[in-house]
Amino acid sequence: MKILVCISNVPDTTTKIKFAEGNTSIDTTGIQWVINPWDELSLTRALELKDDAANGIKSVTVAHVGPAGAEPTIRKALAIGADDAVRVNAEPLDAYFTAAQIAEVVKKEQFDLIFCGIESSDFNGSTVGGMLAEFLGTPSVSAVSGIKFENGQPVLTREIDGGKETVTVPAPLVVIVQKGIAKEPRIAAMRGIMMARTKPVKVFEPVAVEPLTQVLEFEKPAPRAACKFIDAENPRQLIELLQNEAKVI
Amino acid sequence: MSVLVYTENWDGKFKKLSYELVSYAAGVAKMTGTSVTAVSIGRVDEPELRKLGDYGASKIVSLTNDNLVNLDSQAYASAIAEVAGKEGSKVIVIANNNTGKAVAPRLSVRLKAGVGSGVSKLPVNLSPFTVYKRTYSGNAFAHLVIKSDVKILTLSQNSFDLVPASNTATIENLSVNIDGSLVKTTVTNVEKQTGKMLLTDADIVVSGGRGMKSPDNWSPLVELADLLGGATACSRPVSDEGWRPHGEHTGQTGKIIAPNLYVAVGISGATQHLAGISSSKYIVAINTDKDAPIFEAAQYGIVGDAIKVLPKLVEAVKELKK
Ligand SMILES: Cc1cc2nc3c(=O)[nH]c(=O)nc-3n(C[C@H](O)[C@H](O)[C@H](O)COP(=O)(O)OP(=O)(O)OC[C@H]3O[C@@H](n4cnc5c(N)ncnc54)[C@H](O)[C@@H]3O)c2cc1C
Ligand SMILES: Nc1ncnc2c1ncn2[C@@H]1O[C@H](COP(=O)(O)O)[C@@H](O)[C@H]1O
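From first to last, the protein sequence lines stand for chains A and B.
In case it helps, the numbering used here puts the first sequence at residues 154 to 402.
In case it helps, the numbering used here puts the second sequence at residues 133 to 454.
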């Protein structure tokens, strides 16, 4: 069984977001780029599954759609333990475009299990994984918080409103992960970092796909009114404000 | 040409989210000069279906099919796509919840329809069709143009006010063809919490962070939430430590919520935490550190020790209720 983990390259989650070029793109000065948190966790889980020989996982590959500038993030995934990587050499124009590119990668290289995150922390689309599955015509399971193997078949836990379900779906399959999939992201060890340098990164040229959406401009959220402070000795005043001023209780 | 809205039900009942979706769809229909068709999947009785009319649906398509019992993203997408085709819908509205996230992207590829996900306002422009969308985990918003003929919008929960209408909706029972052999999802076990208010549904949320010091200090926080008719939540380290259940963790890697009132107790207000709660209408912070970043996000604040302040708040709410 071969696993593919789709990774998105995003600004570190503590970045103060600023925009450039008339608010049409993000100002990249000083940004630390990282693997999208969900993708880091799905990579971790994929590697854990591979560590258990009983699961019969041959390899864990990472895929990224992005220009050469994303190489450090791909190398980081290799350092954490992925066996190899594929980069589609194109600016990810929108989710539809990105998913279509990954679908081509899957068709060429054949994977049984494909992990995507539930959401990228930059675009917050929650769409690439499901789109990819539809392009491939394979099943997808969303909001997956756990995966293990039983009798060579993946058994998934997915979150539903107020609970969870155990589901089985035969591979090939797109697994869209969320909280719970792995505890802590695996960290690259020195040896991993050394080895990552020589691991193969295939570069594919993109196929022609017309994106369906386009960002016109970005805008910062409206600033909130300054905080009104209430004396700690008199919290009753807070309750009164919530009732009479905010009218929320 | 109608605006199509997928209204999920929970054991045959709709909830506020369903009406938010219909209200939103009605807003889009008004802008585009058309009407709203709601599609419901699974057994829902007629009086319940009619309630969708109270928020502006003029037609309700009810699908029941043995292959549409458990959520299977392919089967659901194909059923909704079929209704969208019959209706000639140009705009499809779906919730930005677990079900919506499973279905909307598949529908997008099937119909070649661009997705505006996580919208909370009506489209800002019809030509070009432009939506206002959350990006960078709440640190920015994008004006996103959807260029395709058919558009899919996924609505954030608790972000759009209900708009009562008085439509007498017509109900159509439709049977769709779903090839059972194509349904690949088998559900082998379900664990459901019952009786507890869901965090994502709550209008009021009281949430505790590491400043609560110990899991043993939670009872006044829970009592406050109960008295206010709300739900409880927590920051990530609190759930990581096992002080509170994982389902309560809010933030970028937890639940993203937008209640009317979010009370953050002993929470510093890290950006990753704010990413999950910044759409709340009002934020109250209780923290010993007057410089904690949470006060920048909050409208009301108390600088003080949570352990002392919480019981006083409980008393004040009790008195108010008298
Ligand atoms: C990739 C990534 C994703 C993350 N995702 C999330 C997420 O989804 N959600 C999340 O919450 N965090 C997330 N985090 C962690 C986040 O960065 C913070 O570490 C976390 O939110 C801090 O939790 P806290 O506010 O409870 O604790 P702390 O930061 O330790 O803050 C405790 C606060 O309590 C106050 N305090 C202390 N004693 C008292 C008292 N007696 N009374 C009142 N106040 C008191 C202190 O002044 C302080 O402000 C993420 C981090 C990373 C790197
Ligand atoms: N440029 C990209 N390259 C590879 N995978 C991506 C890319 N963008 C998004 N993904 C995957 O899709 C998931 C969801 O992203 P999104 O639909 O943007 O919220 C991410 O967690 C990644 O697994």
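Cβ coordinates follow ideal geometry from the N, Cα and C atoms, glycine included.
Keep in mind the model is a prediction, meaning the values are calculated, not measured.
Going straight from the alpha carbon of residue i to that of residue j, what length do you get?
i, j, result
"Gln-289 (chain B)", "Tyr-414 (chain B)", "16 Å"
"Asp-165 (chain A)", "Pro-376 (chain A)", "22 Å"
"Gly-232 (chain B)", "Asn-271 (chain B)", "23 Å"
"Gly-159 (chain B)", "Ala-245 (chain B)", "20 Å"
"Ser-212 (chain A)", "Lys-352 (chain A)", "13 Å"
"Thr-169 (chain B)", "Val-282 (chain B)", "15 Å"
"Leu-243 (chain B)", "Asp-423 (chain B)", "50 Å"
"Ile-340 (chain A)", "Ile-233 (chain A)", "6 Å"
"Ser-195 (chain A)", "Leu-231 (chain A)", "14 Å"
"Ile-434 (chain B)", "Asp-335 (chain B)", "21 Å"
"Tyr-151 (chain B)", "Ile-173 (chain B)", "15 Å"
"Pro-220 (chain A)", "Ile-227 (chain A)", "11 Å"
"Ser-307 (chain B)", "Ala-211 (chain B)", "9 Å"
"Asp-236 (chain A)", "Lys-191 (chain B)", "53 Å"
"Thr-177 (chain A)", "Trp-375 (chain B)", "43 Å"
"Ala-209 (chain B)", "Leu-184 (chain B)", "21 Å"
"Met-348 (chain A)", "Ala-206 (chain A)", "21 Å"
"Lys-373 (chain A)", "Phe-273 (chain B)", "6 Å"
"Ile-226 (chain B)", "Phe-146 (chain B)", "14 Å"
"Asn-419 (chain B)", "Lys-450 (chain B)", "22 Å"
"Gly-345 (chain A)", "Trp-191 (chain A)", "21 Å"
"Val-401 (chain A)", "Asn-208 (chain A)", "52 Å"
"Asn-304 (chain A)", "Arg-311 (chain A)", "19 Å"
Using the three-state DSSP reduction, which class does residue i fall into: helix, strand or coil?
i, result
"Phe-382 (chain A)", "strand"
"Asn-349 (chain B)", "helix"
"Thr-251 (chain A)", "helix"
"Asn-321 (chain B)", "strand"
"Ala-448 (chain B)", "helix"
"Phe-288 (chain A)", "helix"
"Asp-372 (chain B)", "helix"
"Asn-162 (chain A)", "strand"
"Phe-427 (chain B)", "helix"
"Leu-360 (chain B)", "coil"
"Val-441 (chain B)", "helix"
"Ile-418 (chain B)", "strand"
"Ile-409 (chain B)", "helix"
"Glu-140 (chain B)", "coil"
"Leu-243 (chain B)", "helix"
"Asp-237 (chain A)", "strand"
Buried or exposed for residue i, going by 16 or more other Cβ atoms inside 10 Å?
i, result
"Ser-279 (chain A)", "buried"
"Thr-181 (chain A)", "exposed"
"Gln-206 (chain B)", "buried"
"Met-284 (chain A)", "buried"
"Val-328 (chain A)", "buried"
"Pro-391 (chain B)", "buried"
"Glu-244 (chain A)", "exposed"
"Leu-112 (chain B)", "Outside the modelled stretch of chain B, which goes from 133 to 454, sits residue 112 (chain B), for which no answer is possible."
"Asn-228 (chain B)", "buried"
"Arg-350 (chain A)", "exposed"
"Asn-277 (chain A)", "buried"
"Val-360 (chain A)", "exposed"
So residue i packs on residue j, CB below 8 Å; how close in whole Å?
i, j, result
"Gly-290 (chain A)", "Pro-237 (chain B)", "14 Å between Cβ atoms; not a contact."
"Val-267 (chain A)", "Cys-159 (chain A)", "One detail in the question is off: residue 267 (chain A) reads as Ile in this sequence, not Val. With 8 Å as the limit, Ile-267 (chain A) and Cys-159 (chain A) qualify as a contact, their Cβ atoms being about 7 Å apart."
"Leu-195 (chain B)", "Val-171 (chain B)", "7 Å"
"Ser-400 (chain B)", "Ile-426 (chain B)", "6 Å"
"Ser-161 (chain A)", "Ser-273 (chain A)", "4 Å"
Pull every residue with its beta-carbon under 5 Å away from any heavy atom of ligand 1, and keep them in chain order. The answer, residue by residue, is A:Thr-166, A:Pro-190, B:Gly-341, B:Arg-342, B:Gly-343, B:Ser-367, B:Arg-368, B:Pro-369, B:Gly-383, B:Gln-384, B:Thr-385, B:Gly-386, B:Gly-398, B:Ile-399, B:Ser-400, B:Ala-402, B:Gln-404, B:His-405, B:Asn-419, B:Thr-420, B:Asp-421, B:Ala-424, B:Asp-437, B:Ala-438.
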